[in-house]
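Colleague: Quick one: structure below, then a few questions.
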Amino acid sequence: MARIVMKFGGTSMAGIERIRSVAQRVKREHDAGNEVAVVVSAMAGETDRLVGFCREASSLYDPKEYDVVVSAGEQITSGLLAIALQAIGVPARSWLGWQLPIRTSDGHASARIADIDTTALLASLAAGEVAVIPGFQGLAAGERVTTLGRGGSDTSAVAMAAAMKADRCDIYTDVDGVYTTDPRIVPRARKLKRVTYEEMLELASVGAKVLQTRSVGLAMKENVRVQVLSSFVDADGDSEPGTLIVGEEEIDDMERQLITGIAHDKNEAKVTLTAVSDRPGSVASIFTPLADANINVDMIVQNIAHSTGSTDVTFTVPQAELARALDVLEKAQASIGYTSLMHDTRVSKVSIVGVGMRSHAGVAATMFKTLGDRGINIQAIATSEIKVSVLIEEDYTELAVRVLHTAYGLDAEDAA
Ligand code: ADP
Ligand code: ASP
Ligand code: MG
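If you count by our numbering, then the sequence shown holds residues 297 to 712, one letter each, in order.
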């Protein structure tokens with residue numbers, strides 16, 4: 297007997313037929329004698345619809361009420377799955393975030409899980425009931441409903457697995473594992489049997505949305521055994537194994553590629569300040585007000601000084617925070633002392649990730665040359681120990697990902 301968490305994403309829960317198929321899959325694990333907690337997403341598209349309602353109601357909506365509205369999608373699917381399980385003879389009940397409760401910070405719309413009370417839940421599992429838990433939602437101090445940020449059901453699942461000391465956390469989605477890049481963009485992408493926590497964390501943070509970044513960080517910290525697999529393959533047959541997220545010591549050298557994966561992110565915006573004076577403290581005068589406004593800056597380029605003793609500074613912020621960033625910078629113009637403020641949202645960030653980079657020279661050079669040969673201009677660069685990111689014109693995103701995938705020898709051999 298094992299204790300397992302099964303998580304089903306939006307496409308896996310999209311409609312009653314899909315929910316029935318999920319129920320069959322859960323039943324199989326329950327029939328095998330396992331204790332099963334299921335974490336579910338809202339039906340595909342539902343959270344977007346609910347977010348749209350909030351925006352329509354007021355552009356300056358209260359984040360506390362936004363959380364009440366957008367967490368509703370998961371409430372519906374958790375109840376529906378419990379009904380579908382009961383209909384096939386599996387004892388089941390739903391546990392809403394506030395009922396367990398799942399305690400979070402009060403950072404509405406992107407709250408962090410602090411603690412999960414599993415007492416009642418474990419008693420219910422021990423009595424043979426399946427627990428169905430809506431992902432994405434929690435409860436902050438003052439008994440206010442919170443949500444965990446978009447894609448947050450992955451984090452709910454990993455946090456549940458850690459709190460319940462589950463043997464595994466299986467994330468079912470609409471692809472059968474983690475690929476070398478988004479298989480919807482590059483049909484030749486290859487499924488990875490295993491990927492390290494560290495690489496998955498980096499891939500998720502630079503745009504591979506197959507897992508929410510926080511869920512991977514939590515899995516790494518809590519040592520949760522996470523597997524990504526498809527809910528769309530036959531529930532009764534021996535389904536293809538998915539991708540296991542593992543510690544680095546579990547991957548042998550034979551399996552190791554120079555680059556493990558490639559990701560892209562079209563949600564960045566580029567900001568440039570021209571003629572900033574080239575003196576100590578001037579860069580701080582730009583980024584301190586942005587930090588005070590809680591705006592995340594990602595890539596930064598400072599050009600060499602002009603003969604006039606000034607320099608241009610370029611950086612990126614999430615597109616969703618661009619308007620606020622521009623406002624902050626305009627207000628700080630006198631103290632920063634720039635000439636003009638420019639921005640561009642038609643950019644995208646393409647990143648290569650792999651632990652192999654640590655021990656091999658020339659990985660970045662191959663990236664720059666491959667893009668250069670295709671006439672793709674690089675506007676900014678950022679690196680970490682196991683990642684190189686470049687900012688390019690948005691229209692070239694798919695081409696860049698494809699040519700890099702080929703350049704690093706990642707294309708599947710049997711693909712056309
Ligand atoms: P869910 O609703 O199940 O949470 P998501 O849409 O959040 O599903 O994540 C699954 C999607 O992630 C896939 O459909 C795929 O297009 C995308 N994706 C991006 N990068 C990758 C990758 N490297 N491997 C697999 N899928 C990826
Ligand atoms: N329903 C939420 C979203 O669309 C959470 C999730 O699916 O993970 O962001
Ligand atoms: Mg998701």
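Beta carbons are placed, not taken as given, at the ideal position from N, Cα and C, and that holds for glycine. On a predicted model such as this, the values are computed, not experimentally measured, just so you know.
1) Measure the C-alpha to C-alpha separation of residue 451 and residue 560 and round it to an integer number of angstroms.
2) Measuring CB to CB, does residue 539 end up less than 8 angstroms from residue 701?
3) Taking the alpha carbon of residue 500 as the point to measure from, which residue in 556, 593 and 403 has its own alpha carbon closest?
4) Could you give the uninterrupted runs of the alpha helix (DSSP H) lying entirely in the region 548-598, keeping only those of 4 residues or more?
5) Pick from 573, 581 and 474: whose alpha carbon is nearest that of residue 537?
6) Closer than 6 angstroms by C-beta to residue 462: which residues in its own chain qualify, once you throw out the five before and the five after it? Chain order, please.
7) I'd like the span of the beta strand (DSSP E) that includes residue 639, first residue to last.
8) Exposed or buried, residue 495, counting other C-beta atoms within 10 Å across all chains shown (16 or more means buried)?
9) Given that a residue counts as buried once 16 or more other Cβ atoms are within 10 Å of its Cβ, and exposed if not, what is residue 564?
10) Suppose contacts are defined by Cβ-Cβ distances below 8 angstroms. Is residue 332 in contact with residue 304 by that definition?
11) Just to check, is the beta-carbon of residue 457 closer than 7 angstroms to a non-hydrogen atom of the ligand ADP?
12) Helix, strand or coil for residue 712 per DSSP?
13) Does the beta-carbon of residue 705 have 16 or more other beta-carbons within 10 angstroms, so that it is buried, or is it exposed?
14) For my contact list, residue 507 and residue 468 are in at a C-beta cut-off of 8 angstroms; report their separation, rounded to the angstrom.
15) Go ahead and pull the three-state DSSP assignment for residue 453.
16) Can we say the region 608-615 touches the region 569-579, given the rule of at least three CB pairs closer than 8 angstroms?
17) Just verifying my parser: in three-state terms, what is the DSSP assignment at residue 692?
18) Return helix, strand or coil for residue 665, following the three-state DSSP convention.
19) Alpha carbon to alpha carbon, how far is residue 684 from residue 651?
20) Determine the contact status of residue 399 and residue 388, defining contact as a CB-CB distance below 8 angstroms.
21) Within a Cβ cutoff of 6 angstroms, which residues of the same chain sit near residue 712, ignoring the five residues on either side of it in sequence?
22) Using only alpha-carbon positions, find the residue among 672, 429 and 503 that is nearest to residue 373.
23) Please identify the residue among 562, 543, 553 and 370 whose C-alpha is closest to the C-alpha of residue 434.
24) When burial is assigned at 16 or more other CB atoms within 10 Å of the CB, is residue 658 buried or exposed?
25) Between 385, 350 and 340, which has its C-alpha nearest residue 320's C-alpha?
26) Quick one: what does DSSP say residue 685 is sitting in, helix, strand or coil?
27) Would you list, in sequence order, the uninterrupted beta strand (DSSP E) runs of no fewer than 3 residues that lie entirely inside the region 491-547?
28) What is the residue span of the beta strand (DSSP E) that residue 411 lies within?
29) Are the beta-carbon atoms belonging to residue 314 and residue 308 less than 8 angstroms from one another?
30) Candidates 470, 417 and 401: which alpha carbon is nearest residue 441's?
31) Alpha carbons only, please: which of 628, 520 and 697 is nearest the one belonging to residue 569?
32) Determine the extent of the beta strand (DSSP E) in which residue 468 is found, giving its start and end residues.
33) Kindly indicate which residue of 390, 439 and 329 has the alpha-carbon position closest to the one of residue 364.
34) Would the beta-carbon of residue 450 be found less than 7 angstroms away from any heavy atom of the ligand MG?
35) Considering only heavy atoms of the ligand ADP, does any lie closer than 7 angstroms to the CB of residue 475?
36) Compare the beta carbon distance of residue 423 and residue 334 with 8 angstroms and say whether it is the shorter of the two.
Modeller: Based on what the coordinates show:
1) Roughly 21 angstroms between the two C-alpha positions.
2) With respect to the 8 angstroms criterion, residue 539 and residue 701 are not classified as neighbours on the basis of their beta carbons.
3) Checked all of 556, 593 and 403; the closest Cα to residue 500 is 556.
4) Note on the region 548-598: whole alpha helix (DSSP H) runs with a minimum of 4 residues are 578-588, in chain order.
5) Cα-wise, what sits closest to residue 537 is 474.
6) Excluding sequence neighbours, residue 462 sits near 299, 300 and 301.
7) Segment 637-640, the beta strand (DSSP E) holding residue 639.
8) The C-beta of residue 495 has 16 or more other C-beta atoms within 10 Å across all chains shown, which makes the residue buried.
9) Flag for residue 564 reads buried.
10) No. Outside cutoff.
11) The closest heavy atom of the ligand ADP lies 7 angstroms or more from the beta carbon of residue 457.
12) Interpretation of residue 712 is limited by its pLDDT of 45, a score under 50 that renders its predicted location unreliable; the figure taken from the coordinates is listed afterwards. Of the three classes helix, strand and coil, the one that applies to residue 712 here is coil, per DSSP.
13) So residue 705 ends up on the exposed side.
14) About 12 angstroms; that fails the 8 angstroms criterion.
15) Of the three classes helix, strand and coil, the one that applies to residue 453 here is helix, per DSSP.
16) As far as the Cβ criterion goes, the region 608-615 touches the region 569-579, which means the pair count is three or higher.
17) Three-state result, residue 692: helix.
18) In the three-state reduction of the DSSP assignment, residue 665 falls in the helix class, which pools H, G and I.
19) Rounded to the nearest whole angstrom, the CA to CA distance from residue 684 to residue 651 is 11 angstroms.
20) Not a contact, by the Cβ cut-off of 8 angstroms.
21) Because the pLDDT at residue 712 is just 45, under 50, the model does not fix this residue reliably, and the point stays unresolved.
22) Residue 429 is the option with its Cα nearest to residue 373.
23) Cα-wise, what sits closest to residue 434 is 370.
24) So residue 658 ends up on the exposed side.
25) When each option's Cα is compared against that of residue 320, the closest is 385.
26) Of the three classes helix, strand and coil, the one that applies to residue 685 here is strand, per DSSP.
27) Restricting attention to beta strand (DSSP E) runs no shorter than 3 residues, the region 491-547 encloses them at 522-526 and 539-542, ordered along the chain.
28) First-last of the beta strand (DSSP E) with residue 411: 409-412.
29) Against a cut-off of 8 angstroms, the Cβ pair of residue 308 and residue 314 comes out as a contact.
30) Considering only alpha carbons, the answer is 401.
31) Distance check between residue 569 and each of 628, 520 and 697 places 628 closest, using alpha-carbon atoms only.
32) That run of the beta strand (DSSP E) goes 464-469.
33) For residue 364, the nearest C-alpha among the options comes from 439.
34) The answer is yes for residue 450.
35) Yes.
36) No, they are not a contact pair.
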